[in-house]
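Colleague: Following this message is one structure expressed as structure tokens.
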Amino acid sequence: MDVLYTAEALSTGEGRSGKVQTSDGSFELDMAIPKEMGGSGAGTNPEQLFAAGYAACFHSALQGVARAQKVKVTDSSVGGRVQIGPNGPNGQGGYQLAVVLEVVIPDMEHDQAQALADAAHQVCPYSNATRGNIDVTITVSED
Numbered sequence: 114m115d116v117l118y119t120a121e122a123l124s125t126g127e128g129r130s131g132k133v134q135t136s137d138g139s140f141e142l143d144m145a146i147p148k149e150m151g152g153s154g155a156g157t158n159p160e161q162l163f164a165a166g167y168a169a170c171f172h173s174a175l176q177g178v179a180r181a182q183k184v185k186v187t188d189s190s191v192g193g194r195v196q197i198g199p200n201g202p203n204g205q206g207g208y209q210l211a212v213v214l215e216v217v218i219p220d221m222e223h224d225q226a227q228a229l230a231d232a233a234h235q236v237c238p239y240s241n242a243t244r245g246n247i248d249v250t251i252t253v254s255e256d
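Under this note's numbering, the first residue of the sequence shown is numbered 114, with each subsequent residue one higher.
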């Protein structure tokens with residue numbers, strides 16, 4: 114791979130109950146296990162970071178595909194949901210993730226919006242990284 118950029122972050126403390134920060138100092142976050150998983154919920158968690166990163170990356174891919182196809186897209190949005198659950202009975206295989214991306218492109222017919230979303234899924238780096246590893250569902254909705 115011809116590397117264009119490298120992001121670097123450091124986790125300290127106790128992982129899900131610690132801190133993360135980027136090497137360039139652009140952000141530092143307190144981490145906390147979600148209340149739903151028995152934690153305090155008093156910080157962000159890896160699933161939220163993954164949801165935000167995937168949504169932003171996919172949205173960029175969607176915009177890029179639209180430009181390449183000379184399709185005007187305005188006021189679009191991509192929402193990301195990352196789910197975590199046990200991998201196998203009683204979590205004996207650890208945990209697994211699933212992703213749901215919701216694409217909204219106002220004033221565009223559903224089929225055309227779905228075609229753009231499908232094309233974005235083929236070029237998005239997050240989609241390429243997760244393909245065949247976790248379930249990713251992409252839906253197009255009105256809002």
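Every residue gets a Cβ at the ideal spot worked out from N, C-alpha and C, and that includes glycine. The structure displayed is predicted, hence computed values, not measured ones.
1) So, do the segment 191–205 and the segment 155–172 have three or more beta carbon pairs nearer to each other than 8 Å?
2) Mind checking Y208: buried by the 16 CB within 10 Å criterion, or exposed?
3) With a Cβ-Cβ cutoff of 8 Å, do T250 and V213 count as a contact?
4) Taking the alpha-carbon positions, what's the M114 to V186 distance?
5) Less than 7 Å between the CB of N241 and some heavy atom of the ligand PLP, yes or no?
6) Run through DSSP, which three-state label would L117 get?
7) Assign M221 to buried or exposed, taking buried as 16 or more other Cβ atoms, counted over all protein chains shown, within 10 Å of its Cβ.
Modeller: On the basis of the supplied data:
1) Cβ pair count under 8 Å is three or more, so yes.
2) The sequence position of residue 208 within the sequence shown is 95, counting from 1. Here Y208 is exposed: its Cβ has fewer than 16 other Cβ atoms, across all protein chains shown, within 10 Å.
3) By 1-based counting over the sequence shown, the position of residue 250 is 137. By 1-based counting over the sequence shown, the position of residue 213 is 100. Result yes, Cβ atoms of T250 and V213 sit closer than 8 Å.
4) Mapped onto the sequence shown, residue 114 falls at position 1. Mapped onto the sequence shown, residue 186 falls at position 73. The alpha-carbon atoms of M114 and V186 are separated by roughly 31 Å.
5) Although the ligand PLP was asked about, the structure shown includes no ligands whatsoever.
6) For the purposes of this step, residue 117 is taken as the residue at position 4 of the sequence shown. Coil at L117, not helix or strand.
7) For this step, residue 221 is matched to residue 108 along the sequence shown. Its Cβ being crowded by 16 or more others within 10 Å, M221 is buried.
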